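Notes for the one structure printed next.
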Amino acid sequence: QTGAFTYDPGFTSTAACESAITYIDGDQGILLHRGYPIDQLAEHSTFMEVAYLLLNGELPTADEHQKFVYTISRHTMLHEQLATFYRGFRRDAHPMAIMCGVVGALSAFYHDSTDITDPKQRMIASHRLIAKMPTIAAMAYKYSIGQPFMYPQNDLSYTGNFLRMTFGVPAENYEVNPVVEQAMRRIFILHADHEQNASTSTVRLAGSSGANPFACIAAGIACLWGPAHGGANEAALNMLREIGRPERIPEFIGRAKDKDDPFRLMGFGHRVYKNFDPRAKVMKATAEAVLNELGVTDPIFDVARELEQIALKDDYFVEKKLYPNVDFYSGVILSAIGFPTSMFTALFALARTVGWVAQWNEMISDPEQKIGRPRQLYTGSAQRDYVPVDQR
Ligand code: SDX
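First residue of the sequence shown? That's 37 in UniProt numbering, and the numbers climb one at a time after it.
Dropping the structure here:
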């Protein structure tokens, strides 16, 4: 009974949607993309192969993979007018602010792929989004450091092309470091999709109204930005830097357990994984490999490993089932490669775009789909009559 209203007792929470794309078992730490375990995909797949799998439901044959890579590579360039769009931002604008703006503006430039009732246009829009996100993210980074934009070079891999657009300069030839390319490939695969998380649900809800795909992905980017979600990778690395050295870990563990302190261990905990995040295991192994291969000794990696060990033995974290999630180690790798923390969530958005477009396509191509309309439990005032201001 809330006020004069009784809410519908038949109103029960039902699953948000049906989907055949990703399966998660939070207790067993299982993550499958179209039935394939995430660790096997991270080990053996290219990011384009995973994108094809998420979009089409099956791993591609060699011919299908080659055609898909060719198709994506034909959409990597951005309309030249959009380059001037960047110049409207301050140089210190957060890359996620730029990505929200630029991706949302794409419908103004590619309106020949905004008719969501046309399957051909839906697929062209999906290919454009997957292809252009690396260009958009790299341009946001270049703009922030005052270096010239780099055009895509389509004979490189998806990941290699992104690294060259980010770290290459027109004055020199850029050699893609295979160790870095391998690490980026794994990071992109580990972030590709994750069932109905907050940002994917945002994309689906926006898409359910018939909004164009570019606007829907911009909505997903906005939601991902939050520190409780995709923004956690940036917050986790900033936290590791603030801790600074292993001796300070107990102080922060104490703060994380203090109910009066809003501090939380960033990169720890998950709404679904109450055992371990299978992506964190692959991410940790990748961090070790990258630091060793690049000869980078970063004290924050020691802090991260020590923090994980202490937290895994701490009764509070064990009782609350808090384990490292995908965001805990990713920042160590990205920092070792040379990305500023401000780019971390932009890279998450770049990779998650393949999951967002796969989930959007799955929803929008369902003839039964209707506009989303989450229900509420009303807890406000009962009905009452208006009171003139001189009687209040
Ligand atoms: C991602 O949904 C997805 O799939 C997301 C994602 C994806 O791929 O899309 O996996 C990506 O968003 C990973 C999560 C990244 N976020 C962080 O690392 C931020 C830090 N983590 C927390 O904010 C938190 O763990 C959440 C938001 C991730 C999950 O929160 P829940 O499931 O809503 O759990 P909760 O907030 O109800 O916490 C349960 C208890 C609480 O204590 P009590 O109120 O029960 O006493 O655990 C505590 C919390 O205070 N807790 C933490 C904690 N996380 C939860 N305490 C300290 N540090 C933490 N990190």
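All residues carry an ideal CB built from backbone N, CA and C; glycine is no exception. What you are looking at is a predicted structure, and each value in this text was computed from that prediction instead of being measured.
Status (buried if at least 16 other CB within 10 Å, exposed otherwise) for residue i
i: residue 395; result: buried
i: residue 212; result: buried
i: residue 239; result: buried
i: residue 269; result: buried
i: residue 380; result: buried
i: residue 146; result: buried
i: residue 153; result: exposed
i: residue 397; result: buried
i: residue 410; result: exposed
i: residue 69; result: buried
i: residue 331; result: exposed
i: residue 188; result: buried
i: residue 214; result: exposed
i: residue 130; result: buried
i: residue 307; result: exposed
i: residue 322; result: buried
i: residue 88; result: buried
i: residue 264; result: exposed
For residue i, the three-state DSSP class (helix, strand or coil)
i: residue 333; result: coil
i: residue 184; result: coil
i: residue 72; result: strand
i: residue 39; result: Residue placement at residue 39 is poorly supported in this model, since its pLDDT is 42, which falls under 50; the coordinates still yield a value, given next. DSSP places residue 39 in coil when its eight states are reduced to three.
i: residue 312; result: coil
i: residue 145; result: coil
i: residue 224; result: helix
i: residue 263; result: coil
i: residue 360; result: strand
i: residue 288; result: helix
i: residue 375; result: coil
i: residue 299; result: coil
i: residue 83; result: helix
i: residue 125; result: coil
i: residue 418; result: coil
Residue range of the unbroken beta strand (DSSP E) whose run includes residue i
i: residue 59; result: 58-61
i: residue 69; result: 66-69
Residues of its chain near residue i, where Cβ-Cβ distance is below 6 angstroms and the 5 sequence neighbours each way are ignored
i: residue 344; result: 360
i: residue 191; result: none
i: residue 227; result: 384, 387, 388
i: residue 125; result: 134
i: residue 58; result: 69, 229, 231
i: residue 256; result: 235, 238, 239, 392
i: residue 245; result: 407
i: residue 259; result: 234, 235, 238
i: residue 224; result: 83, 387
i: residue 160; result: 149
i: residue 178; result: 185
Proximal residues to residue i (C-beta, below 8 angstroms), its chain only, five neighbours per side dropped
i: residue 285; result: 279, 339, 342, 343, 346
i: residue 206; result: 184, 186
i: residue 356; result: 305
i: residue 299; result: 288, 291, 292
i: residue 75; result: 314, 317, 318
i: residue 335; result: 280, 281
CB contact check: residue i to chain C, cutoff 9 angstroms
i: residue 89; result: Annotation note: the requested chain C is absent from the structure, which comprises a single protein chain.
Cβ-based neighbour list, residue i, same chain, cut-off 7 angstroms, excluding 5 preceding and 5 following
i: residue 143; result: 150, 248, 250, 251
i: residue 182; result: 127
i: residue 261; result: 132, 267, 381
i: residue 201; result: 170, 171, 174, 186, 188
Limits of the unbroken alpha helix (DSSP H) element including residue i
i: residue 101; result: 98-109
i: residue 3; result: Because residue 3 is not part of the residues shown, which for the chain are 37 to 428, the question remains open.
i: residue 412; result: No alpha helix (DSSP H) contains residue 412, which DSSP labels as neither H nor E.
i: residue 394; result: 380-400
i: residue 204; result: First-last for residue 204: undefined, no H or E at that position.
i: residue 272; result: 268-279
i: residue 351; result: 351-355
Any non-hydrogen atom of ligand 2 within 8 angstroms of residue i CB
i: residue 302; result: Ligands in the displayed structure: ligand 1; ligand 2 is not one of them.
Do the stretch 196-203 and the stretch 160-177 meet, that is, are 3 or more Cβ pairs less than 8 angstroms apart?
Judged by Cβ distances under 8 angstroms, the stretch 196-203 makes contact with the stretch 160-177, as three or more pairs qualify.
Any contact between the stretch 278-296 and the stretch 152-171? By contact I mean 3 or more CB pairs, one from each, below 8 angstroms.
In this structure the stretch 278-296 does not lie against the stretch 152-171, because fewer than three pairs of beta carbons, one per stretch, are closer than 8 angstroms.
Counting pairs of beta carbons, one from the stretch 111-125 and one from the stretch 213-221, are three or more of them closer than 8 angstroms?
Contact between the stretch 111-125 and the stretch 213-221 is absent, because fewer than three Cβ pairs lie under 8 angstroms.
Evaluate contact between the stretch 384-395 and the stretch 223-239, counting only Cβ atoms and requiring at least three cross-stretch pairs below 8 angstroms.
Cβ pair count under 8 angstroms is three or more, so yes.
Evaluate the contact criterion for the stretch 89-97 versus the stretch 123-138: three or more CB pairs, one atom per stretch, below 8 angstroms.
They do not touch, by the three-pair rule.
With three or more beta-carbon pairs closer than 8 angstroms as the criterion, would you say the stretch 365-380 touches the stretch 322-329?
The stretch 322-329 and the stretch 365-380 touch, with three or more beta-carbon pairs separated by less than 8 angstroms.
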